[in-house]
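In the numbering used here, the protein residues as written are 149 to 634. The C-beta atom is built at its ideal place from N, Cα and C for all residues, glycine as well. From a predicted model like this one, the values you see are computed outputs, not experimental measurements. This report refers to the structure that appears directly beneath it.
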């Protein structure tokens, strides 16, 4: 699997982008960029699978970026290789740093872990150098040996000498390890325990010819035109009936649009599995959905460029559920301890450790498996940062029962303001049609967010100080039939 990933992941001349495909409207940073420290991880993986082409490409990327900028930059545009670029209607990297520590670490890892082959485990150390003929030719052409001096390891000092074979520019692959000496004594490739090292140590490795055996390939993308590197924009559900899904002659019909794209195809996923591909129209009827009254199907749509195969993000999952299969219990029917009920719509100032919400009784019409979540708002911060994602325990019990029949945690991230209501995370429960159930929402020892950590006492925004913040406005509990068991 690792060999296939290294061979098939798309990369450009200057380095492997950290995401693929690129997004059309996102500025250059993680998007449309490569990061030296990520390239260093890629290089490490390439060494592990012995892919000399990927090794050479990664070393080139790290050396080039550092040499041209005379510093270890944080990131680069992956099309131009520049530390800043305006291209394809976007620009960046929007944040960049010279002498970036993780880029420095990545470069050091290339030298120590790849070229000199440093490996450690809990007890020992060894050096298994990884040098290719191309590296030898481009960077060490006039060298017979490479030396790493004054390497400190567990109070010991090590000098590593890597003796190179005769250079042949036609040779491919990775040089083989011939013999290894430690303090003038031959050793095997095994780890050497720290206790077996002297205060000063001389490690010497002799490399031999690679044998002209090609080892691995890379997927180098030379055509960097927009449709070849970008994914299509995400399709949009049309505003018809239940989130773009209607019933047509007893089956479910999906309605979506191209979101400004041309010459694209669509793939349809049902309950996480690909069920239709290469669709050319902006509507599709599921031929296997006649039982939608007893089973809920979740659909997602992705767009595909047929010429490059690049795909969009999936749409948010939408489903069609007959009204008889949906139960929504509003705040007016809930009992609360803590907080204030506002306009029978939601509870405000609710979420302290001792606060609780209960639904005394509800019943489902059909026995089966149900999805359960909460409608909530959390205006404690913006959607892209913060330490105050609300987390609460929820338990479903039979009325009069002593133990929950289902339990989980409701995860309720920021909604940016208190007037914006979204759905929490969901969980599943098996419920019977001839029984009554109750709901309890509260806080236990695992219902925690980051504001509970001492580390965030000095945080600048909501959640700082010595008191934790786990407030949330809950307005509804929603219960949807997933699959009927009759």
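- The region 549-613 contains, as complete beta strand (DSSP E) runs of 3+ residues, the segments 552-560, 575-579, 585-590 (chain order).
- Excluding residues up to 5 positions away in sequence, 529, 534 lie with their Cβ nearer than 7 Å to the Cβ of residue 609 in the same chain.
- Residue state for residue 248 is assigned as coil, using DSSP reduced to three classes.
- Close CB contacts of residue 560 within its chain, under the 6 Å cut and outside five residues either way in sequence, are with 524, 526, 538, 572, 620 (chain order).
- For residue 326, no alpha helix (DSSP H) encloses it; the enclosing beta strand (DSSP E) starts and ends at 324-330.
- Counting along the chain, residue 413 sits inside the beta strand (DSSP E) bounded by residues 413-418.
- When the Cα atoms are used, residue 178 and residue 209 turn out to be separated by approximately 17 Å.
- Pairing residue 289 with residue 315, the inter-Cα distance amounts to about 8 Å.
- Residue 450 and residue 633 have their C-alpha atoms some 32 Å from each other.
- Contact check for residue 355 against residue 310 passes: the beta carbons are separated by less than 8 Å.
- Within the DSSP bridge table, the entry for residue 448 names 417 as partners.
- Between the region 376-393 and the region 447-462 there are three or more inter-stretch CB-CB distances shorter than 8 Å, so the stretches are counted as touching.
- Of the residues 564, 522, 515, the one whose Cα lies closest to the Cα of residue 583 is 515.
- Straight across, the Cα-Cα distance linking residue 423 with residue 200 is about 39 Å.
- In this structure residue 603 is exposed. Its beta-carbon is surrounded by fewer than 16 other beta-carbon atoms within 10 angstroms.
- Counting C-beta pairs with one atom in each stretch, the region 434-448 and the region 462-470 have three or more that are closer than 8 Å, which means they touch.
- The DSSP-derived three-state label of residue 432 is strand.
- Around the CB of residue 169, 16 or more other CB atoms lie within 10 Å, so the residue is classed as buried.
- Around the beta-carbon of residue 282, 16 or more other beta-carbon atoms lie within 10 Å, marking it buried.
- Annotation for residue 185: the continuous alpha helix (DSSP H) segment containing it runs 184-197.
- Residue 326 and residue 238 have their C-alpha atoms roughly 50 Å apart.
- Bounds of any alpha helix (DSSP H) do not take in residue 302, whose DSSP letter is neither H nor E.
- With a beta-carbon spacing of about 6 Å, residue 155 and residue 364 fall inside the 8 Å limit used to define contacts.
- Cα atoms of residue 488 and residue 511: separation of roughly 26 Å, rounded to the nearest angstrom.
- An exposed status is given to residue 234, since fewer than 16 other beta-carbon atoms sit within 10 Å of its beta-carbon.
- DSSP places residue 482 outside both helix and strand once states are collapsed to three, so it counts as coil.
- In the three-state DSSP reduction, residue 157 falls in the coil class, being neither helix nor strand.
- Remark: C-beta atoms of residue 349 and residue 331 approach each other more closely than 8 Å.
- Boundaries of the beta strand (DSSP E) around residue 240: 238-240.
- Between residue 392 and residue 402, the C-beta spacing is below 8 Å.
- Straight across, the Cα-Cα distance linking residue 521 with residue 562 is about 16 Å.
- Cα atoms of residue 313 and residue 291: separation of roughly 10 Å, rounded to the nearest angstrom.
- Counting along the chain, the unbroken alpha helix (DSSP H) around residue 286 starts and ends at 281-287.
- Counting only runs of 4 or more residues that sit fully inside the region 339-378, the alpha helix (DSSP H) segments are 374-377, in chain order.
- Per DSSP, the unbroken alpha helix (DSSP H) holding residue 217 starts and ends at 200-217.
- A distance below 8 Å separates the beta carbons of residue 430 and residue 405.
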